[in-house]
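Enquirer:
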Amino acid sequence: MSIRVYRNAAIHTGDGGNPLAEAMAVDGDRLLAVGREAQVREAAGHGAELIDLDGAAVLPGLYDAHIHTAQYAQSLGAVDLREVRGLDEALTAVAAHAARLQPGAWLFGGRWNSNAWDPPAQPDRYALDSVCPELPVALPSVDGHTVWANSAALRLAGIDANTPDPVGGEIVRDARGEPTGILRETASHPLRDLMVSPDLRDLLRAGQEELLAVGLTSVHDIDGEDCRAAYLALRDAGELKLRVHKAIPMTHLEAAIAEGRRTGQGDDWIRTGPVKIFSDGALGSHTSHMSRPFAGEQGNVGIAVTPYEDLVELFGRAAGAGIAVATHAIGDRANHLVIDAYEAIGRTPGLRHRIEHAQHLRPADLARMAALGIVASMQPVHCTSDIDLVDSLLAGHDLASYAWRGMLDAGVVLAFGSDAPVESPDPFAALYAAITRARPDGTPVGGWQPEQRLSMSEAVRAHTLGAARAAGEDDRKGVLAPGRLADFIAVDTDPYRDSPAAVLRTRVMTTVVGGEIRWQRTGSR
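Take the sequence shown: its letters are residues 1 to 525, numbered as in UniProt numbering.
#1: Mind the definition here: the region 50 to 70 touches the region 207 to 227 only if three or more C-beta pairs lie below 8 Å; say whether that holds.
#2: For residue 91, which residues in the same chain have their Cβ closer than 8 Å to its Cβ, ignoring the five residues on either side in sequence?
#3: Roughly how many angstroms lie between the CA atoms of residue 499 and residue 431, to the nearest whole one?
#4: Smallest Cα separation from residue 384: which of 141, 364 and 450?
#5: Mapping the DSSP letters down to three states, classify residue 404 as helix, strand or coil.
#6: Would residue 323 and residue 263 qualify as a contact pair, given that the criterion is a beta-carbon distance under 9 Å?
#7: Using alpha carbons as the reference points, say which of 148, 133, 444 and 301 lies closest to residue 114.
#8: Taking only runs that begin and end inside the region 289 to 348, name each unbroken alpha helix (DSSP H) of 4 or more residues, in chain order.
#9: Taking C-beta to C-beta, are residue 336 and residue 352 nearer than 9 Å?
#10: At a cut-off of 8 Å, would you count residue 374 as near the ligand GTP, judging by its Cβ distance to the nearest heavy atom?
#11: Just to check my reading of the structure: residue 186 and residue 168 have Cβ atoms closer than 8 Å, yes? What is that Cβ distance to the nearest angstrom?
#12: Answer yes if the region 289 to 305 comes into contact with the region 232 to 243, meaning at least three C-beta pairs across the two stretches below 8 Å, and no otherwise.
#13: Going by beta-carbon coordinates alone, are residue 210 and residue 76 separated by less than 9 Å?
#14: Applying the 10 Å Cβ sphere with the 16-neighbour rule, what's the burial state of residue 411?
#15: Between which two residues does the alpha helix (DSSP H) harbouring residue 231 extend?
#16: Is there contact here, the region 82 to 96 with the region 487 to 501, by at least three beta-carbon pairs under 8 Å?
#17: Among 161, 46, 313 and 325, which one has its Cα closest to the Cα of residue 355?
#18: Between residue 222 and residue 68, how many whole angstroms is the CB-CB distance? I'm expecting something under 8 Å.
#19: Taking the straight line between their C-alpha atoms, what separation do you get for residue 116 and residue 110?
#20: Go through its chain and collect everything with a Cβ distance to residue 295's Cβ below 8 Å, but skip five positions before and after it.
#21: For residue 179, is the classification buried or exposed, using 16 other Cβ atoms within 10 angstroms of its Cβ as the cut-off for buried?
#22: Thinking C-alpha only, which one of 106, 103, 29 and 208 is nearest residue 551?
#23: Return the Cβ separation of residue 330 and residue 359 in integer angstroms, given the expectation that the two are a contact with Cβ distance under 8 Å.
#24: Check each candidate in 155, 481 and 513 and name the one with the smallest Cα separation from residue 17.
#25: Give a yes or no on whether the C-beta atoms belonging to residue 505 and residue 512 are separated by under 9 Å.
#26: In terms of residues, what are the limits of the beta strand (DSSP E) holding residue 243?
#27: Which runs of the alpha helix (DSSP H) fall wholly inside the region 21 to 56 and span at least 4 residues, in chain order?
#28: Of all the options 297, 277, 447 and 477, which has the alpha carbon lying nearest to the alpha carbon of residue 312?
#29: Over what stretch of residues does the alpha helix (DSSP H) that includes residue 97 continue unbroken?
#30: On the DSSP bridge list, what partners appear for residue 220?
#31: Suppose the cutoff is 8 Å on Cβ atoms and the five residues either side in sequence are ignored; what does the same chain contact list for residue 101 look like?
#32: Taking the continuous beta strand (DSSP E) assigned at residue 64, which residues delimit it?
#33: Strictly by DSSP, which residues pair up with residue 354?
#34: In terms of residues, what are the limits of the beta strand (DSSP E) holding residue 12?
#35: By the three-class DSSP mapping on this structure, what secondary structure does residue 59 have?
#36: What separation, rounded to the nearest whole angstrom, lies between the Cα atoms of residue 120 and residue 203?
Laid out in structure tokens, this is it:
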């Protein structure tokens, strides 16, 4: 392969010693030279292939630190209830989707948000039965922590009036003790093994095209072992185009230890990531573990999905085997207990432990996170999606909510992602949210809790080098400098110079991974 020179671009390298460049030379999958075009072409030598980027702005490849790529790929062909505004509208969409399915198939999708329905109301299985009496239906809520199932799905899962609530979960029941079809947290787990998906390789092959198209070159995938197997198959077939840091489900921890997996093992296409553990639920499902009850819900402080003693045992078991830990924690009580558990096992050299989401913390816990070296893996669009919910459910709580500025000022490493399909995987939506703390329509004017806003350089850094640091890959990714992987994107706006509104509308023109153009905009796409 000849050396390639990518030129005619405004290159934002992310390298403090060389922040702006005109051209880059790529030798194989690594950057050979970055700087002024004349210097780069001299380093590349005669005969280098020249690739003109047409004056585009160039950024290091964006890295999603928390995404469910299998669920995202499945969602592309599933029923989508995110925009519906009431039960009747949701049932109409489910009925239309069911009409296209074969007998015996599961109806997937969902992402409903009954908090935003008019009127707000929890649905039940009888409503689903009215439009889908035979096909099993299991529809996660927008946050993924509540599942709305019909009677057929409950029968297949063996859930009835005699089924006890599992540890860390709730089977919502009616006045007669019958399951309503709403399953919270671990109560929905029996449905997972029953949901039969098409070949994940086909889904992920198509899904990666969508992710490359929005500028992602690396992902921390949080889905299961079937997703890992599919990615390995794609890599072995030479069909994998983006890099995957693959988390281990908690249910597979013992098997992964027995196999000898360790965080960081693998190659530059697929590496073993952390084990994913749940501490609590989610705000939208009213299951995030809080120190005080939700407003108007006396006695409801959420759900401790994994008890504290189990957290300490699991953390120690994983770290002792060389596996980093990534713990889901949204409520302030959950975050406090997770930090306590990390403190209990002590620092583990070579492993970077994380809190996923870290949405609502006691202000004093920010400094504790920094002192323990805990990475905050956060999703900026969650903040702007949840503004009304936080204001209503957590009114009067003394919290540091989505405290990106507070995190950085305390010395916490920020790693940004999307949590797709909960939110869109578009990283430019995340950058917009991080610098404005406003919804896409610009509200609230000036941003929600604007003192927590970031600068564009800080936001981009969290979505590039910060995510790489969370994975222990900051020696290879996140900065455009000689010797680093040649992963970068060319875009039609310059996020450092254009308005936030323009950044929100950014279109990716070219995505390069390992020095090769893996995706390029054509026509009107």
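Beta carbons: idealized from backbone N, C-alpha and C, even for Gly.
Expert: In this structure, then:
#1: yes
#2: 127, 128, 130 and 131
#3: 12 Å
#4: 450
#5: helix
#6: yes
#7: 148
#8: The qualifying runs are 308 to 320 and 332 to 345.
#9: Between residue 336 and residue 352, the C-beta gap is not smaller than 9 Å, which leaves the two residues out of contact.
#10: With respect to small molecules bound, the structure shown includes none, and the ligand GTP cannot be examined in it.
#11: 4 Å
#12: no
#13: Contact: yes.
#14: exposed
#15: 225 to 236
#16: Contact fails between the region 82 to 96 and the region 487 to 501, because fewer than three Cβ pairs, one in each stretch, are under 8 Å apart.
#17: 325
#18: 5 Å
#19: 14 Å
#20: 392, 393, 394, 395 and 396
#21: buried
#22: Residue 551 lies beyond the stretch modelled for the chain, which goes from 1 to 525, so this question has no answer here.
#23: Contact flag correct, Cβ pair sits at about 5 Å.
#24: 481
#25: no
#26: 243 to 249
#27: 37 to 44
#28: 277
#29: 87 to 98
#30: 245
#31: 107 and 135
#32: Per DSSP, residue 64 belongs to the beta strand (DSSP E) from 62 to 67.
#33: 326 and 375
#34: Per DSSP, residue 12 belongs to the beta strand (DSSP E) from 4 to 12.
#35: strand
#36: 34 Å
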